[in-house]
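Below: one structure, written as structure tokens.
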Amino acid sequence: MLMIEDTILNFTHVSEGTLLEIVDGGNVTIDYNSSMLCPVGSKLWFDNYTHGIVATFPENFLDRRCPLNVKIYSVYCERCPVGFYSLQRGKAYGTRVLEGFQCLLCPFGGNCTDNIVNHDHFWGSVVKENPPTLQFYMCPLNYCEAPKDTKSSIYDGCHGNRSGVLCGACAEGYSEDLFSTTCRRDEDCNDYWLWPVILIYCVAVAIFFITDPPIVPFLVKHIFWFRRATSEEGKSATNENSNERQNSRKGAGNSRSGLLDVVFYFYQAVGLLIFGTTGQTVKSASLTPLVKGIFNFRTHSSSISLGCPFAGLSVITKELFYTFVVFTLLFCVFIIYGARQIWAKARSSRQPSFAPHLSAATHIALLGYTSLATSAFKLLTIVMMRSGNDIEIRSFFDGNIIFFTWWQCVLLVYVIIYVIPFVGLLYWGASWLSEKRITAREFFMACVLPLPFLLYWAIWKNKRACLYRERSQQTEERLAVMNVLHGPFRPPDANQKGTLYWESVLIARRLILIIIFAFINMASLRLLLSTIVCVVIAIHHVLYHPYKDNNVNMLETVSLVVIIVFGLFNTVHATFISAGVHLRGPIKTYVNILNWIQSIIVLLLPLAVIIAVIFAVLSQIVRAGFAAGRISKPYFLRGRLRKNTSAISKRKSSRLSHEESLFGNAEVAKDNEVVRELVEGSSPSHEDCIYHEEDLKCDEGKPEE
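1 is the number of the first residue of the sequence shown in the UniProt record's numbering; add one for each residue after it.
Next up, the structure:
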């Protein structure tokens, strides 16, 4: 007799064959307070083969025929077939199997080889209770990760120490790394060295834009110092360029080449294509994000942990930190101006001009727009998630945040006031600045709050047609800012309208790419659309050729073509990411080769600059050697000359002593002859006198050997 009461048989792993089997059992009783449970995703089967038999006893028994009840129970669990899943557990109470178990079709983003787990870059959520139904959502890069155990039925696996909805936050006791998605222990967030490094970076960048050094001419000059001007025309051209450079620093309005704008736009666009605002793109070499970060005023690496300055760092505080870097750059520009003023007053010298500082601040505001707009749209990126019959709007980068919080409303106002109207400010505001309707300082203040200033100027533009009395300082500041806005581009002439408005076009391009990357979460579709936009941008550039310098136009064309190629490269990998497919075999090799190619291209310019600097240093070392040789040569020759002179003087003295003895005898004989001739009444001939004088002169003027 077997009795099972108040017992739970919990089968945690599905094994082949029968889990519980009772054969030839007699009186077996399983009450309904006892239960049997299969693993998640497995249905329970309870086979009852109980049957009756009639036993025949010997003749001495009164009742030779006795019916017996033989109980045979077989219990086993069966998984859903491949391609199907279930979040239910097969269950039986006593000998009664609970109905309602269903196997559902595997949803997109899940791996249903062994029940169901999430793919990399996907996070699952239950959207229906009866039967429990899953839906997967795409995560930012390196947020979600597939569990290693495919039989675990974990559909919300996170990378590293991340947790929460969409794995948007670090686990308790962990903080995000400043430049990556890695979560570190709070006690390890003590990288205080980042603060002085960031401060030095900001000061160096501010000084660079204030001084606006000619890097390429400087390197060429110091590498090819041995090349001299071969004509007066070349010298005059050099002097003219030097004068233009000085006038440009004074804000005289001489045009820039636009080379710096092309380089910054290239790396900012590449930053969106390789590490977009939704982050679901390919990884690259460790130096690549650092290089792009320098030109974007923000550094982000998908897998490399660079530092954690303080505990409690999250996605929100990280983006605020990136915007803090841009504002710190602007602050450093004016701090440097204040320091120069204090220094000038202390030395009672001439006050520094404000024009280069104002133009530098304007330039930083233009180039820092991408970082500010990216942070704003990144924090406003949303994802629609089902929760039963309701739809929840959550933040894509931190799914634990439900829209709208108070700071998101403030951020939305910021986008309306600053991000979108900034394009119009550059188009109309720059025109009003050139027409002297506004001052350069007013234009810079409008760069902080474009919409209010645009509305104010639009209302009062008829009443303020021109600044009738513009001081020399205002003229210098206006020309310096105009040099930033209009300097590189073609002015209008009799045949063409010109492209002085092109700075607004460059900002509009960035804005379009940022919007695409912010509001399209599917990586493949996002990169496909952005690549198409880049093709349109390249065609637009070829049709207009906006820069005055044709070399800059050619460089911009090449950079746009490279951006398109990068878009195609990353679209290939993004397609696999969007499909939740792991790269294997030849495809993985192919994608890795493409990644290395684009990493080399991205690092090409910094490597070229480093090589040029090395050549410049080596060339200057050679130049110093030549200069040292030129300086020491007179001293060397002077010592050698002294040595030769002493030897020659000794030889000369010995030779003269020998010649004097011979010359003295000849002179005595000749004098006697002259005396005799005088006595006889004759005089020496004129030829003899000449010969005698020449003989003396030749002897005196004979070179020393």
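Don't be surprised by glycine CBs; every beta carbon is placed ideally from N, CA and C.
| field | Alpha-carbon to alpha-carbon, L366 and V481 | value | Residue 481 sits at position 481 when you count from the first residue of the sequence shown. Residue 366 sits at position 366 when you count from the first residue of the sequence shown. Looking at the backbone, the Cα of V481 and that of L366 are separated by about 12 angstroms.
| request: Return the residue from the list F136, K43, G94 that minimises the CA-CA distance to T29. | output: As a first step, residue 29 must be located in the sequence shown, where it is residue number 29. Of the residues F136, K43, G94, the one whose Cα lies closest to the Cα of T29 is G94.
| task | Taking 8 angstroms as the threshold, find out whether the segment 348-368 comes into contact with the segment 473-493 through three or more Cβ pairs. | result | Flag = yes, the segment 348-368 and the segment 473-493 touch.
| task | Note the first and the last residue of the continuous alpha helix (DSSP H) segment covering P196. | result | Here residue 196 refers to the residue found at position 196 of the sequence shown. Looking at the DSSP string, the run of the alpha helix (DSSP H) that includes P196 is 194-211.
| task | Check whether the Cβ atoms of S599 and A523 sit closer than 8 angstroms, and answer yes or no. | result | The residue given as residue 599 occupies position 599 in the sequence shown. The residue given as residue 523 occupies position 523 in the sequence shown. The criterion of a C-beta distance shorter than 8 angstroms is not satisfied by S599 and A523.
| message | Per DSSP, what are the beta-bridge partners of C170 in this structure? | response | For the purposes of this step, residue 170 is identified with residue 170 of the sequence shown, where counting begins at 1. Partner(s): R162.
| query | What is the DSSP secondary structure of D699, counted as helix, strand or coil? | reply | For the purposes of this step, residue 699 is identified with residue 699 of the sequence shown, where counting begins at 1. Model confidence at D699 stands at a pLDDT of 43, short of 50, so the residue's coordinates are unreliable and nothing is read from them.
| query | Thinking just about the alpha-carbon of each residue, which of L603, L272, E442, L199 is nearest to the one in H362? | reply | Within the sequence shown, residue 362 is the residue found at index 362, counting from 1. Before going further, note that residue 362 is Thr rather than His in the sequence given. With distances taken between CA atoms, T362 lies nearest to E442 out of L603, L272, E442, L199.
| Quick one: what's S395 bridged to in DSSP? | Numbered from 1 along the sequence shown, position 395 holds the residue referred to as residue 395. Its beta-bridge partners are I382.
| request: Taking Y337 as part of the alpha helix (DSSP H), name the residues at either end of that continuous run. | output: Against the sequence shown, residue 337 aligns to sequence position 337. Run containing Y337: 315-347, per the alpha helix (DSSP H) assignment.
| query | For D31, which of helix, strand or coil comes out of DSSP? | reply | The residue given as residue 31 occupies position 31 in the sequence shown. Of the three classes helix, strand and coil, the one that applies to D31 here is coil, per DSSP.
| field | From N190, Q474, F179, residue whose alpha carbon lies closest to that of Y322 | value | Position 322 of the sequence shown, counting from 1, holds the residue named residue 322. Here the closest residue by C-alpha is F179.
| message | Applying the 10 Å Cβ sphere with the 16-neighbour rule, what's the burial state of D149? | response | Here residue 149 is taken as the residue at index 149 of the sequence shown, counted from 1. Burial call: exposed.
| task | Could you work out which residue in T182, W123, A169 is closest to I154 when comparing CA atoms only? | result | As a first step, residue 154 is located in the sequence shown; it is residue number 154 there, counting from the start. Ranking the options by Cα distance to I154, first place goes to W123.
| Range covered by the alpha helix (DSSP H) that runs through R554 | As a first step, residue 554 must be located in the sequence shown, where it is residue number 554. The residue asked about is misnamed: residue 554 is Met in this sequence, not Arg. Membership of M554 in the alpha helix (DSSP H) is indicated by the continuous run 550-579.
| query | What are the boundary residues of the alpha helix (DSSP H) that C183 is part of? | reply | Taking the sequence shown and counting its residues from 1, one reaches residue 183 at position 183. Boundaries around C183 are those of the beta strand (DSSP E), 183-185, since no alpha helix (DSSP H) includes it.
| Between D47 and the rest of its own chain, which residues show a CB-CB distance below 6 angstroms, the 5 nearest in sequence each way excluded? | The residue you call residue 47 lines up with position 47 of the sequence shown. Taking C-beta separations shorter than 6 angstroms and ignoring five residues to either side along the sequence, the partners of D47 in its chain run S74, following chain order.
| Is the segment 566-583 touching the segment 524-531 in the sense that three or more CB pairs, one from each, lie closer than 8 angstroms? | Judged by Cβ distances under 8 angstroms, the segment 524-531 makes contact with the segment 566-583, as three or more pairs qualify.
| query | With DSSP run on the structure shown, which of helix, strand or coil describes A538? | reply | Counted from its first residue, the sequence shown places residue 538 at position 538. Here A538 sits in helix by DSSP.
| Between the beta-carbon of D177 and the beta-carbon of A146, is there less than 8 angstroms? | The residue labelled residue 177 in the question sits at position 177 within the sequence shown. The residue labelled residue 146 in the question sits at position 146 within the sequence shown. No, the Cβ-Cβ distance between D177 and A146 is not below 8 angstroms.
| task | Rounded to whole angstroms, what's the CA-CA distance from Q408 to L380? Just pull it up for me. | result | Taking the sequence shown and counting its residues from 1, one reaches residue 408 at position 408. Taking the sequence shown and counting its residues from 1, one reaches residue 380 at position 380. Approximately 7 angstroms between the Cα atoms of the pair.
| field | Which listed residue (A373, S434, F209) has its alpha carbon closest to that of V423 | value | Position 423 of the sequence shown, counted from the first residue, corresponds to residue 423. It is A373 whose Cα lies nearest to the Cα of V423.
| Is it right to say V552 is buried, meaning 16 or more other beta carbons lie within 10 angstroms of its own, or is it exposed? | Here residue 552 refers to the residue found at position 552 of the sequence shown. Classification of V552: buried, given that the 10 Å Cβ count is 16 or more.
| task | Pull up the CB-CB distance for P140 and F396, whole angstroms please, since I reckon it's below 8 angstroms. | result | In the sequence shown, residue 140 corresponds to position 140, counting from 1. In the sequence shown, residue 396 corresponds to position 396, counting from 1. Rounded, the Cβ-Cβ distance is 7 angstroms, consistent with contact.
| message | What does DSSP give as the partner residue(s) for V117 in the beta ladder? | response | For the purposes of this step, residue 117 is taken as the residue at position 117 of the sequence shown. Paired residue(s): N111.
| What are the boundary residues of the alpha helix (DSSP H) that E442 is part of? | For this step, residue 442 is matched to residue 442 along the sequence shown. Unbroken alpha helix (DSSP H) run through E442: 440-448.
| message | In this structure, how does DSSP classify M522 when only helix, strand and coil are distinguished? | response | Working through the sequence shown from its first residue, we reach residue 522 at position 522. In the three-state DSSP reduction, M522 falls in the coil class, being neither helix nor strand.
| query | Thinking C-beta only, is F453 closer than 8 angstroms to K548? | reply | The count along the sequence shown starts at 1 and reaches residue 548 at position 548. The count along the sequence shown starts at 1 and reaches residue 453 at position 453. Result no, Cβ atoms of K548 and F453 do not sit closer than 8 angstroms.
| Who are the near neighbours of residue 708 in its chain, counting only those whose CB is closer than 8 angstroms to its CB and skipping five residues on each side? | An answer regarding residue 708 cannot be provided, because it is not within the stretch 1 to 705 covered by the chain.
| Counting along the chain, where does the beta strand (DSSP E) carrying D134 start and finish? | The sequence position of residue 134 within the sequence shown is 134, counting from 1. First, the amino acid is wrong: residue 134 is Leu here, not Asp. For L134, the enclosing beta strand (DSSP E) covers residues 132-138.
| message | Taking the alpha carbon of I12 as the reference point, which residue from G90, N33, D31, V82 has its own alpha carbon closest? | response | Mapped onto the sequence shown, residue 12 falls at position 12. Here the sequence assigns Thr to residue 12, which means Ile is not the residue at that position. Of G90, N33, D31, V82, the residue nearest in Cα terms is G90.
| How should G173 be labelled, buried or exposed, when 16 other C-beta atoms within 10 angstroms of its C-beta is the threshold for buried? | As a working note, residue 173 is residue 173 in the sequence shown. It is exposed - the Cβ of G173 has fewer than 16 other Cβ atoms within 10 Å.
| message | Does the contact criterion of 3 or more C-beta pairs under 8 angstroms hold for the segment 594-609 versus the segment 128-142? | response | Of all C-beta pairs linking the segment 594-609 to the segment 128-142, fewer than three are shorter than 8 angstroms, placing the two stretches out of contact.
| query | Roughly how many angstroms lie between the CA atoms of N33 and D114, to the nearest whole one? | reply | Taking the first residue of the sequence shown as position 1, residue 33 is located at position 33. Taking the first residue of the sequence shown as position 1, residue 114 is located at position 114. When rounded, the distance between both Cα atoms is 31 angstroms.
| Is F331 near A518, with beta carbons less than 8 angstroms apart? | For this step, residue 331 is matched to residue 331 along the sequence shown. For this step, residue 518 is matched to residue 518 along the sequence shown. Contact flag unset, no.
| query | CB-CB under 6 angstroms to C534, same chain, minus the five flanking residues each way: which ones, in chain order? | reply | By 1-based counting over the sequence shown, the position of residue 534 is 534. Excluding residues up to 5 positions away in sequence, I563, I564, G567 lie with their Cβ nearer than 6 angstroms to the Cβ of C534 in the same chain.
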